[in-house]
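Inspection log for the structure reproduced underneath, given as structure tokens.
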Amino acid sequence: GLPPYDDANIFARILRGEIPCKKVVETEHALAFHDIAPQAPVHVLVIPKGRWVSAADFHAGADDAAIAGFWRLVSAVAKDQGLEAHGYRILSNMGADGGQEVPHFHVHIFGGRRIGRMVP
Ligand code: 5GP
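Counting in the UniProt record's numbering, the sequence shown runs from 5 upward without gaps.
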């Protein structure tokens, strides 16, 4: 399975303010910021404020308000970034086979160009 939560991971450090990020919006439950290596004209990461490695950890461990707040923020960011008219993609990599690099649960929002079909 996935490793236990590592408090030294880069997104934990961003949440603690130890390293900077280009913040999009922050709420009680979640933080949205621009990816440091954008793969599309809009490439925003949304992370919950908690010690969650995976979606399964988050959905099992967080309270309902935190889960709702997180997913509402994902949609709000896409809308605020102007992506609703033409569409966009949300994506989350999970574990080794999913290609996850940062072991803090996060959702990517990609938009601003035609993303095309994802082929594994
Ligand atoms: P994943 O874990 O979903 O495979 O990818 C992690 C994402 O985090 C990558 O798209 C990478 O560019 C981004 N990333 C890694 N380190 C940093 C950082 O220090 N700041 C920001 N803003 N993004 C980062």
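Beta carbons: idealized from backbone N, C-alpha and C, even for Gly.
Values in this document were obtained by computation on a predicted structure and should not be read as measured data.
Cβ-based neighbour list, residue i, same chain, cut-off 8 Å, excluding 5 preceding and 5 following
i, result
"W56", "Y9, F62, G65, A66, H108, F109"
Proximal residues to residue i (C-beta, below 7 Å), its chain only, five neighbours per side dropped
i, result
"F15", "I51, V106, H108, H110"
"R117", "A44, P45"
Neighbour-count burial assignment, residue i, 16 or more Cβ in a 10 Å radius
i, result
"I18", "buried"
"G115", "buried"
"H90", "exposed"
"A12", "exposed"
"I113", "buried"
"V81", "buried"
"L95", "exposed"
"V123", "exposed"
"A36", "buried"
"A34", "buried"
Assigned secondary structure, residue i (DSSP; H/G/I helix, E/B strand, else coil)
i, result
"F37", "strand"
"I51", "strand"
Which listed residue (the options) has its alpha carbon closest to that of residue i
i, options, result
"K26", "A12, H33, N13, A41", "A41"
"W75", "G120, G86, A59, Q104", "A59"
Beta carbon proximity, residue i to chain C, threshold 8 Å
i, result
"K53", "As a matter of chain content, chain C is missing from the structure shown, which is built from one protein chain."
For the UniProt domain "HIT" (14-124), list the alpha helix (DSSP H) runs that are entirely contained and at least 4 residues long, ordered along the chain. 14-19, 59-65, 68-84, 99-102
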